[in-house]
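Heads up, the sequence shown is in full-length UniProt numbering, so the first residue is 1 and it goes up one at a time. Below is one structure, written out as structure tokens; the observations come after it.
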Amino acid sequence: MTSRIADVLIPLALDTAYSYAVPDSLGLKEGDVVQVPLANREVAGVVWGLREGQGGNLKKVSGVIEAPNLSARMRKFLDWIAWYTLAPKGSALAMGLKIPDADRQEVARVGVRLAGALPKRMTPARQKVIEIAGDRAVRLKSELAQAAGVSAGVVDGLIDEGTLETVALLAEPVAHMPDPAFGHTALSDGQRDAADHLVAAMGEEHPPVILLEGVTGSGKTEVYFEAVAEAVRKGRQALILMPEIALTAQFLDRFAARFGVKPATWHSGVTGRRRERLYAAIASGEVKVVAGARSALFLPYADLGLIVVDEEHETAYKQDDGVHYHARDMAVVRGKIENAPVILASATPSIESRVNVERGRYRHVRLPERFGGRSMPQIRAVDLRKEAIPKGRWLSPTLVTAVEQTVARGEQALLFLNRRGYAPLTLCRACAHRYECPNCSSWLVEHRFRRSLVCHHCGHVERTPHACVECGSVDSLVPCGPGVERIAEEAAALFPDKRCIVLSSDFPGGTERLRAELAAVAAGEVDIVIGTQLVAKGHNFPLMTLVGVLDADIGLTSGDPRAAERTFQMLQQVTGRAGRGEKPGRALVQTWQPDHPVIAALISGDAERFYREETRVREMAGLPPFGRLASLIVSAAEREAAEAHARAMALVAEPPPGVTVLGPAEAPLALIRGRYRFRLLVKTEREVDLQGYLRGWMARCPKVRGNTRVSIDVDPQSFL
1 MTSRIADVLI PLALDTAYSY AVPDSLGLKE GDVVQVPLAN REVAGVVWGL REGQGGNLKK
61 VSGVIEAPNL SARMRKFLDW IAWYTLAPKG SALAMGLKIP DADRQEVARV GVRLAGALPK
121 RMTPARQKVI EIAGDRAVRL KSELAQAAGV SAGVVDGLID EGTLETVALL AEPVAHMPDP
181 AFGHTALSDG QRDAADHLVA AMGEEHPPVI LLEGVTGSGK TEVYFEAVAE AVRKGRQALI
241 LMPEIALTAQ FLDRFAARFG VKPATWHSGV TGRRRERLYA AIASGEVKVV AGARSALFLP
301 YADLGLIVVD EEHETAYKQD DGVHYHARDM AVVRGKIENA PVILASATPS IESRVNVERG
361 RYRHVRLPER FGGRSMPQIR AVDLRKEAIP KGRWLSPTLV TAVEQTVARG EQALLFLNRR
421 GYAPLTLCRA CAHRYECPNC SSWLVEHRFR RSLVCHHCGH VERTPHACVE CGSVDSLVPC
481 GPGVERIAEE AAALFPDKRC IVLSSDFPGG TERLRAELAA VAAGEVDIVI GTQLVAKGHN
541 FPLMTLVGVL DADIGLTSGD PRAAERTFQM LQQVTGRAGR GEKPGRALVQ TWQPDHPVIA
601 ALISGDAERF YREETRVREM AGLPPFGRLA SLIVSAAERE AAEAHARAMA LVAEPPPGVT
661 VLGPAEAPLA LIRGRYRFRL LVKTEREVDL QGYLRGWMAR CPKVRGNTRV SIDVDPQSFL
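Here it is as structure tokens:
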């Protein structure tokens, strides 16, 4: 007797779907979320396929879970991800499946309004609250306290006395409907032409991938907003991927100015019941525009009509844990599956995207000028071989003078150093002991504001000692090299009457603090900003006219084949923060290598010169995008076990023509989080079936035993 059989994929590190018999009472469809028995427990899974067969000996599907169905397009996308990355299919599914918690109750929203008599004891703070609440409108407690400029405790006191009463509010919508006709931005002729190209692509039968390249301050965001507006007009959904969604208050405000409301946002800060409601609203098509981190790419959109990847060159789009994928590349794949255009926006595109334009795979739309006719900043090198910096200082005399002149005019200066903390290395001047992480092969970074030594790889923290732990010498510890905290200390000494702020992602206070500080900078409440790469990502500071880059050579000495490209992109982006307002900007770049191709291209303003040379070097070496790479990391708690397994893998590599296997060798970071690491690198010609070779190689490899693990990263971005 035949029966219906469901092949159910479970969101665990499993590569196959399990077969279950379907009870006659269940009307299942492919993509339904179901509950099934697995071993001695019940788990959730997704029906990946339905068929007829002999299911008498199979366990039965227990029931259907009320969750959005995963469409055939979504399942195809997850299958493709698993194939490309060599990750288990269940791991790919885990990125796209959110199971609602039936027991989770949404936190009730409570408002307050004026209701009773005046309090027995009146204070100026209470008087302010009562004046604001005099219109008897219902407000959130936090909104009322903020409007009155008092603490929430003042409002609570008035509630306790009966002057204010609480009112239950309806659940806040996860997102409001954007209005494409709300706020038309006055576009320049160049912007209008670019926007027309993007909007026209929305109507094509086979929508393209478009590289939107524009210099910093050219208005790329306003241009691709027109494509978003067209998607909304057509009733379809739009996804805007951003590398730092938690820090994009300016972007959200610009979106609201154009569409009347803010978009739905999806990132790690969206949790609990709101996350579940947002997931369901995206699946139903209720939410039309999502701005999100890379994980937003795996949401179950009902009708995805446009994908925008903002700052497409950013390394933050690479997922290095679990399933190793690059969100920019996967966005292109999802766009093809959804039949939606993909816009890659950047002032400094990746070499890969530029080459895809040259090969005709992507279209190219350029914005070569800043909006409003503003000029690009003048960039000048400060040659540290010729200009001496006083001992114990890190700012050159030229840069110090420039900062003095800038802030004296009421303008802002940015001092950029891509190094967190106070100093990257601490050692004892008496015995030369260096403080190293016990879990990683890296130095501990001093964070003087926190009075701690911190590992930036595993998060290990220890208090900064008063005496050397090796020889016991007191007051012998010496910081070596600068971090942003040390630069802030120097700036405070040089400019004691100026308002300075440090912007770094590892300061206490998290995202909300950073948003407030970025808003303060944009509002002109700060004179001198000292920051890491955090400040280089799309922020608009109208009063900033000077950028000083310290240690511009910092990224040019690594063995990463993308080191030159990333350094150029970083420096181009950060110098582009200058002169975005009404006043012209300039940048001073402190360097020991002013003749290096990266520095020379930056100073000359000839980005094409850099791209031509870097592309030529990549092509000669057969590196991406002209060849392909895969990195295999073998790790274990014991060094000998990791090395032995890596060597055993190398013995059965059997690379065919067009494939080269390098290693094993200790990874540059040989120890991370207590695990020893050995690396093998696979380099192939472009036409080689890299995934097919890797699968065949893994099938020949010995089984992984004990705590040994093998991690495969196709198209690696990190070589540490």
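For each residue, glycine too, the CB sits at the ideal point set by N, CA and C. All values reported here derive from a predicted model rather than from experimental measurement.
Identify which residue in Val174, Val365, Thr315 has its Cα closest to the Cα of Thr271. Val174
Specify whether the segment 580–595 and the segment 548–556 touch according to this definition: at least 3 beta carbon pairs, one from each stretch, less than 8 angstroms apart. yes
Contact defined as beta carbons within less than 8 angstroms: I believe Cys458 pairs with Ala423. What is the distance between those atoms, to the nearest angstrom? Wrong, their Cβ atoms sit about 19 angstroms apart, outside the cutoff.
Taking the alpha-carbon of Val223 as reference, which of Asp310, Val652, Arg486 has the nearest alpha-carbon? Asp310
For Ile530 and Pro397, I'd like the C-alpha separation in whole angstroms. 17 angstroms
In DSSP terms, what residue 734 is bridged to: Not covered by the structure: residue 734. The range shown for the chain is 1 to 720.
Would you kindly report the start and end of the unbroken beta strand (DSSP E) that includes Met544? 544–549
Around the Cβ of Gln405, are there at least 16 other Cβ atoms within 10 angstroms (buried) or fewer (exposed)? exposed
Could you check whether the Cβ of Glu230 sits closer than 6 angstroms to any heavy atom belonging to the ligand FMN? With respect to the ligand FMN, the structure offers nothing, as it holds no ligand at all.
For Gly581, which of Ala92, Gly372, Leu93 has the nearest alpha-carbon? Gly372
If you drop the 5 nearest sequence neighbours on each side, which residues of the same chain put their C-beta closer than 6 angstroms to that of residue 723? A question about residue 723 goes unanswered here, because the residues of the chain that appear run from 1 up to 720.
So, Val209 versus Val342, is the Cβ gap smaller than 7 angstroms? yes
Helix, strand or coil for Gly111? Go by DSSP, reduced to three states. strand
Can you give, in chain order, each stretch of the alpha helix (DSSP H) that sits fully within the segment 259–338 and has at least 4 residues? 272–284, 327–338
Check Tyr693 in the structure and name its three-state DSSP category. helix
Spatial neighbours of Phe182 in its chain, beta-carbon cut-off 6 angstroms, leaving aside the 5 residues before and after: Phe259, Gly260
Please state if the CB of Val36 and the CB of Thr20 are separated by a distance shorter than 7 angstroms. Sequence check: residue 20 is Tyr here, not Thr. Closer than 7 angstroms, so yes.
Tell me the DSSP secondary structure of Val659 in three-state form. strand
With C-beta atoms as the reference, is Ala670 less than 7 angstroms away from Ser442? no
Alpha carbon to alpha carbon, what distance is there between Lys98 and Thr315? 26 angstroms
For the alpha helix (DSSP H) that Pro397 lies in, which residues bound it at each end? 397–408
Roughly how far, in whole angstroms, is the beta-carbon of Arg639 from the beta-carbon of Tyr676, given that I think they are within contact range, below 8 angstroms? 4 angstroms
Which residues does DSSP pair with Arg374 in a beta bridge? Arg374 is not bridged to any residue.
When you compare each of Trp394, Met122, Glu30, Gly53 to Ser3 by their alpha carbons, which one comes out closest? Gly53
Compute the distance between the beta-carbons of Ala637 and Asn540, then report whether it is under 7 angstroms. no
Please name the residue in Asn439, Arg354, Pro438, Glu489 whose C-alpha comes closest to that of Arg393. Glu489
Look at Ala92 and Leu70 and say whether their C-beta atoms are less than 7 angstroms apart. no
Under the three-state DSSP convention, the category Lys391 falls into: coil
Quickly, what does DSSP pair His447 with across the bridge? List them, please. Ser452
State the Cα-Cα distance for the pair Ser295 and Val461, rounded to the nearest angstrom. 29 angstroms
Nearest neighbour of Arg577, chosen from Pro377, Phe626, Lys336 [CA to CA]: Pro377
Can you tell me whether DSSP reads Thr615 as helix, strand or coil? helix
Taking the Cβ atom as the reference point for each residue, do Pro11 and Ala94 lie within a distance shorter than 7 angstroms? yes
Of the listed residues Ser218, Val287, Gln191, nearest to residue 721 (C-alpha basis): Nothing about residue 721 can be reported from this structure: the residues present for the chain run from 1 to 720 only.
For a quick check, are the C-beta atoms of Leu86 and Val112 less than 7 angstroms apart? no
Using only alpha-carbon positions, find the residue among Arg136, Ser350, Val167 that is nearest to Gln572. Ser350
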